[in-house]
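Some notes on the structure that comes next.
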Amino acid sequence: MDLTAKIEAILFWKAEPLTVADLARSLSRDEHEIAQALETLTIQLNGRGIVLVRNGDEVMLGTAPAMGGLIEQLTKDELARDIGKAGLETLTIVLYRGPVTRAEIDYTRGVNSSFILRNLLVRGLINKITNPADARGFLYRPTFKLLSWLGVKEISELPDYRRVVDKLREITTNSITV
Amino acid sequence: MDLTAKIEAILFWKAEPLTVADLARSLSRDEHEIAQALETLTIQLNGRGIVLVRNGDEVMLGTAPAMGGLIEQLTKDELARDIGKAGLETLTIVLYRGPVTRAEIDYTRGVNSSFILRNLLVRGLINKITNPADARGFLYRPTFKLLSWLGVKEISELPDYRRVVDKLREITTNSITV
Amino acid sequence: MPETFAVRVGEFEGPLDLLLKLVEERELQINKISLATVADSFLEYLKELPRPTMEILGNFVVIASTLILIKSISLLPTLPVTSEEEEQIGDLERRLKLYQLIRETSSFVREALATPLIFYRDPRQRVVNPIFSPTPEITLPALHLVIEQLVRNLPKTEILPTTSVKRLISIESVIADLTRRMESVLSMSFKDFVKDKSDKISVIVSFLALLELFKQGLVSVTQPGHFSDIKIETRDSNTPRYG
Chain U
2 MDLTAKIEAI LFWKAEPLTV ADLARSLSRD EHEIAQALET LTIQLNGRGI VLVRNGDEVM
62 LGTAPAMGGL IEQLTKDELA RDIGKAGLET LTIVLYRGPV TRAEIDYTRG VNSSFILRNL
122 LVRGLINKIT NPADARGFLY RPTFKLLSWL GVKEISELPD YRRVVDKLRE ITTNSITV
Chain P
2 MDLTAKIEAI LFWKAEPLTV ADLARSLSRD EHEIAQALET LTIQLNGRGI VLVRNGDEVM
62 LGTAPAMGGL IEQLTKDELA RDIGKAGLET LTIVLYRGPV TRAEIDYTRG VNSSFILRNL
122 LVRGLINKIT NPADARGFLY RPTFKLLSWL GVKEISELPD YRRVVDKLRE ITTNSITV
Chain W
128 MPETFAVRVG EFEGPLDLLL KLVEERELQI NKISLATVAD SFLEYLKELP RPTMEILGNF
188 VVIASTLILI KSISLLPTLP VTSEEEEQIG DLERRLKLYQ LIRETSSFVR EALATPLIFY
248 RDPRQRVVNP IFSPTPEITL PALHLVIEQL VRNLPKTEIL PTTSVKRLIS IESVIADLTR
308 RMESVLSMSF KDFVKDKSDK ISVIVSFLAL LELFKQGLVS VTQPGHFSDI KIETRDSNTP
368 RYG
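Chains as they are written, first to last, in the numbering used here: chain U, 2 to 179; chain P, 2 to 179; chain W, 128 to 370.
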């Protein structure tokens, strides 16, 4: 695989801005080679759905500017759609057990929750904070706006709060291996 | 912008599995046009850093399998790929026989698979969909995560896929129970 | 207990796994003859199964019943076999072949899991400016309903379900029962022997015990005609015989 393809793969996966120096280090090449490969990548992406975005010495991949309208429409559609059973399940676990790890959400639901968590984040129903116990992980908690939408001033006003939390804690405490 | 570029932009931006029907709706095209554009996209991405991954009627963009080693070095996450014997057998049945019912998995393994299925669901290696033939039941099928672990763009790239599928069919054809 | 046998919670070796191991150990093909050959060894394992895992035992006994059928046909060729039983035997052969193929293939899958990977974009990175967008479904009563359901469906502390399994009689106790009743009646028919055993598994286990005694030469089994009952007699020469 050539250098251009490697850069494209890294930028695609990272989904955040990287400097030319970052790329040079990751790929064990000098910055001049990286800069040349970035030129080639820009040309290769011409007419495609994604483009190379440059900002000072930082680069990242983004959707082509001509796609702006389409993406805006998609965002609107996404927000208008119901969150469904998966969304309600994930939301209740975050409400009753938050701040909570994804592992506990997954275990409680019995399925993997990564896509639905993103959806709830985009909708501003939950937010994530760094896990003090594990710097690489996150904890999810309800937003204040969600609480006021539900008309509760604090979490303990949720229906049956004490009993549900005790039950959830009892069952999940010893079971999560992640 | 042509349809292929639009699909590429949506898949890039969404970063989650989309069905052909989802794309058709978002782009106001019929599914046949989408399917053709996906073929074109697969060819256009040939030799690039990213690939189109297919799983049943869903598609998603991922990094090219040849980049796996490179990105694995860059990722700090521990990739826990250790799966026990029961898990491997169940994954094999889901991969080569899926979408498949729990009854068929149990029948094939000769033991109750509910515990191992829950484990694989939580790890995001399989997911379940409603069984079109039985609304109360589920069918289990591989996820994009499982395909990515295996480094294949679609299930038919699995080792020995054709031979195993043919042999499985041959054994089960005159079966009474399944 | 045979050292190759291990029951591990969540990842135990099932009956097909065991049966396949027995056939492959002897480098045999999967067919009726090889299954009759390994039936005894399989039933030995069945005797050693730990008590608390009734569901696992249930899985084993179902397979055992078919093996006993195969074994008894090989011992008593005159034994009448229904077409349903023929199917049962054919089905076991197929299941074992199917399982063998899956197990073989799972080792390819294990190797494939070590090859380079495909990576996806981290979708969480896309959350830039969340726009508060609740939907009408998000209400306290709806959330309450959902959490109650989740709590109910959580796996309980004991992982394996222990219900739904018929009570099983240990092979040892059946052999003891058979011996005791033989001593008092001297000669009895198999129908008498199983008459107060209503469920299929008890009959199967009884039949297994009978075959075991037959093999050990403790009883003689006669069957006057193809469809007649099997007669069981002790081989004690001091006692009078009839029948």
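C-beta: ideal position from N, C-alpha, C; glycine also.
Start and end of the beta strand (DSSP E) containing residue 129 (chain U)? 127 to 132
Would you please state the rounded distance, in angstroms, between the beta carbons of residue 97 (chain U) and residue 159 (chain U)? I believe it to be under 8 angstroms. 6 angstroms
With a 10 Å radius around its C-beta and 16 neighbouring C-beta atoms as the bar for buried, classify residue 133 (chain U) as buried or exposed. exposed
What residues in its chain sit with their C-beta under 6 angstroms from that of residue 130 (chain U), if we drop five residues either side in the sequence? 140
Taking 8 angstroms as the CB-CB limit, is residue 13 (chain P) close to chain U? yes
Quick one: does residue 156 (chain P) have its CB under 8 angstroms from some CB of chain W? no
Tell me, please, which residues DSSP counts as bridged to residue 63 (chain U). U:52
Inter-residue spacing [alpha-carbon to alpha-carbon] between residue 5 (chain U) and residue 112 (chain U): A straight-line Cα-Cα distance of about 37 angstroms links residue 5 (chain U) and residue 112 (chain U).
Assuming residue 135 (chain U) is part of the beta strand (DSSP E), what are its boundary residues? 135 to 143
Residues of the region 228 to 244 of chain W whose Cβ lies closer than 7 angstroms to any Cβ of chain P, in chain order: 228, 229, 230, 232, 233, 235, 236, 237, 239, 240, 242, 243, 244
Buried or exposed, going by whether 16 or more other CB atoms sit within 10 Å of the CB of residue 9 (chain P)? Under this definition residue 9 (chain P) is a buried residue.
Cut-off 8 angstroms between Cβ atoms - residues of its own chain near residue 36 (chain U), not counting five sequence neighbours on either side: 21
So with Cβ pairs under 8 angstroms, would you call residue 97 (chain P) a contact of chain W? yes
Between the region 14 to 31 of chain U and the region 53 to 64 of chain U, can you find at least three pairs of beta-carbon atoms closer than 8 angstroms? yes
Can you tell me the Cα-Cα spacing of residue 157 (chain W) and residue 222 (chain W), whole angstroms? 10 angstroms
Are any of the Cβ atoms in chain W nearer than 8 angstroms to that of residue 63 (chain U)? no
Proximal residues, the region 146 to 170 of chain U versus chain W, C-beta separation under 8 angstroms: Residues are counted here when their Cβ sits less than 8 angstroms from a Cβ of chain W; for the region 146 to 170 of chain U these are 146, 147, 150, 151, 152, 153, 159, 160, 161, 165, 168, 169, given in chain order.
Would you call the CB atoms of residue 244 (chain W) and residue 73 (chain P) closer than 8 angstroms? At a Cβ-Cβ threshold of 8 angstroms, residue 244 (chain W) and residue 73 (chain P) count as neighbours.
Is there a Cβ from chain U that is less than 8 angstroms from the Cβ of residue 50 (chain P)? yes
Among U:155, U:77, U:76, U:52, which has the Cα closest to the Cα of residue 65 (chain U)? Among U:155, U:77, U:76, U:52, the Cα nearest to that of residue 65 (chain U) is on U:52.
CB-CB under 6 angstroms to residue 94 (chain U), same chain, minus the five flanking residues each way: which ones, in chain order? Correct list, in chain order: 106, 109.
Please work out which residues of its chain come closer than 7 angstroms, Cβ to Cβ, to residue 145 (chain W), disregarding the five sequence neighbours upstream and downstream, and give them in chain order. 169, 172
Let's see if you can read the secondary structure: which residues bound the alpha helix (DSSP H) around residue 104 (chain U)? Its alpha helix (DSSP H) spans residues 103 to 110.
Rounded to the nearest angstrom, what separates residue 102 (chain P) and residue 262 (chain W) at their Cα positions? 33 angstroms
Among W:276, W:228, W:278, W:241, the one whose alpha carbon lies nearest that of residue 164 (chain P): W:228
Consult DSSP for residue 121 (chain U) and reduce its assignment to one of helix, strand or coil. helix
8 angstroms contact criterion, which residue 68 (chain U) and residue 7 (chain P) should meet: CB distance rounded: 7 angstroms
Given that residue 107 (chain U) touches chain P, what residues does it touch there, using C-beta distances under 9 angstroms? 122, 123, 124, 125
Name the two residues that bound the continuous alpha helix (DSSP H) containing residue 37 (chain P). 32 to 45
Under 9 angstroms between beta-carbons, which chain U residues line up against residue 6 (chain P)? List them in chain order, please. Contact note: residue 6 (chain P) reaches chain U through 48, 49, 50, 51, 65, 67, 68, using a C-beta cutoff of 9 angstroms and chain order.
By how many angstroms is the C-alpha of residue 276 (chain W) removed from the C-alpha of residue 286 (chain W)? Confidence is the limiting factor: at residue 286 (chain W) the pLDDT is only 42, short of 50, which leaves the residue's position unreliable and the question unanswerable from this model.
Grab me the residues of residue 3 (chain U)'s own chain with a C-beta within less than 6 angstroms of its C-beta, minus the 5 sequence neighbours each way, in chain order. Beyond the five residues adjoining it in sequence on each side, residue 3 (chain U) comes within less than 6 angstroms, by CB distance, of no other residue in the same chain.
Identify the contact partners of residue 42 (chain P) in chain W, using a Cβ-Cβ distance below 9 angstroms as the criterion. The contact set of residue 42 (chain P) on chain W, defined by CB atoms closer than 9 angstroms, is empty, because the minimum CB distance reaches about 16 angstroms.
Sheet register partners of residue 19 (chain P) (DSSP bridge): P:60
Which residues in the same chain as residue 42 (chain U) place their Cβ atom closer than 8 angstroms to its Cβ, once the five residues preceding and following it in sequence are excluded? 5, 8, 9, 53
Using the Cβ count rule (16 or more neighbours within 10 Å means buried), how would you classify residue 145 (chain U)? Exposed.
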